[in-house]
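Order-wise, the sequence lines are chains A and B.
The C-terminal position of the first sequence is numbered 503 in the numbering used here, with every residue numbered one higher than the one before it.
The C-terminal position of the second sequence is numbered 503 in the numbering used here, with every residue numbered one higher than the one before it.
Before any comments, here is the structure.
Protein chains: 2
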Amino acid sequence: MPSRSSCVSTGLASEPHLPETARVNVEIINTGSELMLGRVLNTHQQWLCRRLADLGHVVTRQVAIADNARDIQNAAREALARADLVITTGGLGPTSDDLTRELMAELLGRQLVKNDRIRAHIEERFAKRGWTRPPATDVETLVPEGALFFLNAHGTAPGLAMKIENNAGPTAAGAKWLIMLPGPPRELRPMFDDQIGPWLKREIKSGIFVCRTLRSTGIGESRVQEFVQTDLHPLVQRGLEIGYCARPGAVDVRLTAGGSEAAKLVAEGEAVVARILGASIFGKDDDELEAVVVELFRRKGKTLALAESCTGGEIASRITNVPGASEIFLGGVVSYANSAKEQLLGVSADLWQQHGAVSEAVAQAMAVGARTRLGADFAVAVTGIAGPGGGTPEKPVGTVYIALASAQVVEARRFLNIWDRHTFKQVTATQALEWLRRMVSA
Amino acid sequence: MPSRSSCVSTGLASEPHLPETARVNVEIINTGSELMLGRVLNTHQQWLCRRLADLGHVVTRQVAIADNARDIQNAAREALARADLVITTGGLGPTSDDLTRELMAELLGRQLVKNDRIRAHIEERFAKRGWTRPPATDVETLVPEGALFFLNAHGTAPGLAMKIENNAGPTAAGAKWLIMLPGPPRELRPMFDDQIGPWLKREIKSGIFVCRTLRSTGIGESRVQEFVQTDLHPLVQRGLEIGYCARPGAVDVRLTAGGSEAAKLVAEGEAVVARILGASIFGKDDDELEAVVVELFRRKGKTLALAESCTGGEIASRITNVPGASEIFLGGVVSYANSAKEQLLGVSADLWQQHGAVSEAVAQAMAVGARTRLGADFAVAVTGIAGPGGGTPEKPVGTVYIALASAQVVEARRFLNIWDRHTFKQVTATQALEWLRRMVSA
Chain A
62 MPSRSSCVST GLASEPHLPE TARVNVEIIN TGSELMLGRV LNTHQQWLCR
112 RLADLGHVVT RQVAIADNAR DIQNAAREAL ARADLVITTG GLGPTSDDLT
162 RELMAELLGR QLVKNDRIRA HIEERFAKRG WTRPPATDVE TLVPEGALFF
212 LNAHGTAPGL AMKIENNAGP TAAGAKWLIM LPGPPRELRP MFDDQIGPWL
262 KREIKSGIFV CRTLRSTGIG ESRVQEFVQT DLHPLVQRGL EIGYCARPGA
312 VDVRLTAGGS EAAKLVAEGE AVVARILGAS IFGKDDDELE AVVVELFRRK
362 GKTLALAESC TGGEIASRIT NVPGASEIFL GGVVSYANSA KEQLLGVSAD
412 LWQQHGAVSE AVAQAMAVGA RTRLGADFAV AVTGIAGPGG GTPEKPVGTV
462 YIALASAQVV EARRFLNIWD RHTFKQVTAT QALEWLRRMV SA
Chain B
62 MPSRSSCVST GLASEPHLPE TARVNVEIIN TGSELMLGRV LNTHQQWLCR
112 RLADLGHVVT RQVAIADNAR DIQNAAREAL ARADLVITTG GLGPTSDDLT
162 RELMAELLGR QLVKNDRIRA HIEERFAKRG WTRPPATDVE TLVPEGALFF
212 LNAHGTAPGL AMKIENNAGP TAAGAKWLIM LPGPPRELRP MFDDQIGPWL
262 KREIKSGIFV CRTLRSTGIG ESRVQEFVQT DLHPLVQRGL EIGYCARPGA
312 VDVRLTAGGS EAAKLVAEGE AVVARILGAS IFGKDDDELE AVVVELFRRK
362 GKTLALAESC TGGEIASRIT NVPGASEIFL GGVVSYANSA KEQLLGVSAD
412 LWQQHGAVSE AVAQAMAVGA RTRLGADFAV AVTGIAGPGG GTPEKPVGTV
462 YIALASAQVV EARRFLNIWD RHTFKQVTAT QALEWLRRMV SA
């Protein structure tokens, strides 16, 4: 998931600039003392906002609070006064600080009722692992009177949805909903995708709202903006909103619009951006560069090998995050020490002694070694200086050589990636993947 | 920075459970439409909460809203009614959707006044790059009457702090503060560390507040809690707060306390947890397992080689995230295809044909191959079925063999890691790193 980076939006002349047609007000409440102590990063906000936007709902407010009964009830009371749909995360587990289920039932004046279907589900989960259900999970079998529940395919606590008949709220829908989701992302995400999302689609009408992100690489953020903004200006005046987001080695251009013209405006914007940025666009929306590369290799029936020095396995790890990568990815070598380059890739000691381990010649030899030893159609190799130590005036920290080998050609390019160590690895991996994408697309 | 996982807290009998001695209520308001569309991750919350906790302040609420005048003013009005210190992020830039400065001045009835010192600073920044100051930055030179400003060392928009004489609030301090920070992390973070933090220390008294996290692995979250909670109970009654946070393959135990007893309580709690969990604790606070392993190897003068199948480079990538990893890490093989196991690690075809690629015998042969070919003291090898495809009744998806080879011994263990593909890789990598840690500590 991309982390927050340098992101700007334009075309926000009038307020509220989020499309008025998203008529359902949605608010999110994230509970957890660990959030307020800054001990963990709140990834739920982005994930849920994204999913809700894809369903046509725009989140108007997100609140994070500690596991504190008074604060949780206050936040829920305030949110329900403003919003038509309130989603809470966390606090449904079996321990003493998991307060949400009880607090929401109390707030809305509902009894908690034992549910046998949930109990059976939890027992089954434990039985599968040969364990008996701990008594602490009793609380997870409780459902507020009249609430819907969503069984947790990846955990024990079910999700809950409470309908609140609307007597004062602004919505035309006649009711508000309070949805409670479990805190762990590996439980929350599939529950939302498989159950809550489809249910929301049926239950709650959304406004027309279209969002499309075009993902590019190889051009800096300010240049991307400079290139496209003039041609997009007429569309902005008609209501298209444009956002730019710089990520390590990539830039996203986000096009959003609301109302009956939304799809048309976004499609026209997309055509403009595609015309101007051309082959620099590697994908749309949630497309990841590594998935695009794997898919291209699969479609062309080609195989891939890797030789990584300074990226230290980052490229291999990104490739193998893609389900089905084993169809195209034969393997890779993380040749951190020079001896590994020699032993595993057959890069002769002469070569790195003469040119240095970070050199065009060594990058090429690594790529050739990986390709021939693994019998792959293509190999990409990376050698460079991640830092913080190891730079020289001639080859400063950030210097990288990337080489690409196929049956026909061996080529190397030099890059200068001046970033912290972690970003350096990500940027370099993106450059290598992008070169593979262009090579195999050609 | 660890991302959010399953986290719970106990010892929250009475509310508010965040230490009462943190007498200053702090709230954070993050503005940005890109946040509400889920296009970027809000990293400001964790970063600021952490920094403020280090200064002895606990954030009681965080709110994110779109770049919308009405919502921004409402959120600020509500926060100022509750809190003694309100920090906003974003909306100070030169474009039409940067509204915060003007909205806050209006909310508090202050005029905006041009400031020559800021103008000179901005002009200087542009001049250094050979550019003239764009007129759009005029707005950045405006300061609400009576506000403090903090020059931006990494951008143009200064930070602003407005003092609000307290006539109704709950604080004893006699005043509230509204602080506005620029949105880009590369501007906000150094501004906070170099200017805002030191200023807060002088201006705003904080309570004594101590937080310590003990990081463990190899024991599930509910077991960790079960093991330690009885012995911690007396400390909880004296005011110690305990939180548990499950991460892929690891569990954090967080001990927090406020007041004059804080350091003593936390130290006593730490001793209890250390006694009970013993060697399962791999580190404290921000320690990462891979960094602990690299440091142990370095201290003992040992070297490491890797052979990864199902983790696909994840272990190598984590090891090489650690600065100085090259001192101990020789290299690794990502042997995704069986041919790669044979070619690069010398695992004979007989072996995997007889036992299957996911087997104890192949894991051991991979470890031995990596160790001997790379000439390392230790090698760890991993082979398993990440899924979603590839499982059998005998070896279901999630089956993993991890093998460890040294000059003395070769050993393999079977694990069953039933997770989504990405979590599977992380959990398996953690198990392998943990085994290395124990092996080299012994």
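Just so you know, even glycine gets a beta-carbon here, dropped at the ideal spot from N, CA and C.
For residue j and residue i, believed in contact at Cβ under 8 Å, the rounded distance
| i | j | result |
| --- | --- | --- |
| L365/A | R498/A | About 11 Å; that fails the 8 Å criterion. |
| H444/B | A418/B | The question names His, yet the displayed sequence has Thr at residue 444/B. The Cβ separation is near 6 Å, so the contact holds. |
| G304/B | S94/A | 6 Å |
| I89/A | L109/A | 6 Å |
| F211/A | M165/A | Not quite, the Cβ-Cβ distance comes to about 15 Å (not below 8 Å), so this is no contact. |
| R299/B | L326/B | 6 Å |
| S160/A | L239/A | It is Leu, not Ser, that sits at residue 160/A in the sequence shown. Contact doesn't hold; Cβ gap of about 15 Å is too wide. |
Cβ shell of residue i (< 7 Å), same chain only, five flanking positions each side left out
| i | result |
| --- | --- |
| L435/B | A366, L391 and G392 |
| L113/B | V87 and V120 |
| T381/A | F390 |
| S420/B | Y462 |
| E226/A | A236 |
| R178/A | none |
| K363/B | I389, D438, F439 and V501 |
| L96/B | N103 and A125 |
Cβ-Cβ distance between residue i and residue j below 8 Å
| i | j | result |
| --- | --- | --- |
| A493/B | I342/B | no |
| P449/A | V458/A | yes |
| W496/B | V488/B | no |
| L209/B | I148/B | no |
| V334/B | V353/B | no |
| L173/A | P205/A | yes |
| I126/B | T92/B | yes |
| R22/B | H215/B | Outside the modelled stretch of chain B, which goes from 62 to 503, sits residue 22/B, for which no answer is possible. |
| R273/B | D347/B | no |
| G154/A | F270/A | no |
| I22/A | L146/A | No answer is possible for residue 22/A: it lies beyond the span of chain A, which begins at 62 and ends at 503. |
| T198/A | I183/A | yes |
| A447/A | R482/A | yes |
Length of the line joining the Cα atoms of residue i and residue j
| i | j | result |
| --- | --- | --- |
| A490/A | E349/B | 22 Å |
| M500/A | D438/A | 11 Å |
| A398/B | S387/A | 7 Å |
| K486/B | K262/B | 43 Å |
| P231/B | A136/B | For P231/B, the pLDDT reaches just 38, beneath the cut-off of 50, and the residue's location in the model is therefore unreliable, although a value from the coordinates is still provided. Their backbone Cα atoms lie some 18 Å apart in a straight line. |
| R162/A | L168/A | 10 Å |
| P384/B | L477/B | 32 Å |
| A144/A | V85/A | 7 Å |
| R180/A | I257/A | 20 Å |
| T202/B | G170/B | 19 Å |
| L102/A | L275/A | 26 Å |
| L507/B | D128/B | Limits of chain B in this structure are 62 at one end and 503 at the other, which puts residue 507/B out of reach. |
| E369/B | A442/B | 6 Å |
| Q106/B | V200/A | 31 Å |
| Q414/B | E302/A | 58 Å |
| T82/A | T217/A | Note that T82/A scores 43 on pLDDT, short of 50, meaning its location in the model is unreliable and no value can be drawn from it. |
Chain-order list of residues whose beta-carbon lies under 8 Å from that of residue i (same chain, five-residue window excluded)
| i | result |
| --- | --- |
| L405/A | V394, S396, G430 and R434 |
| V471/B | Q425, A428, V429, A464 and L465 |
| A410/B | N399 and E403 |
| P309/B | S66, W480, T484, Q487, V488 and T491 |
DSSP beta-bridge partners of residue i
| i | result |
| --- | --- |
| K175/A | L203/A |
| N91/B | A125/B and T150/B |
| M223/A | L239/A |
| I342/B | S277/B |
| D313/A | R276/A and C306/A |
| R475/B | Y462/B |
| V395/B | G393/A and E369/B |
| T444/B | Y462/B |
Own chain partners of residue i with C-beta closer than 6 Å, once the 5 adjacent residues on each side are dropped
| i | result |
| --- | --- |
| A233/B | Because A233/B sits at a pLDDT of 43, beneath the cut-off of 50, its placement in the model cannot be relied upon, and the following sentence gives the value as read from the coordinates. None. |
| R359/A | E388 and I389 |
| S467/A | F439 |
| A229/B | Its pLDDT being 43, under 50, A229/B is placed unreliably by the model, and nothing is read from it. |
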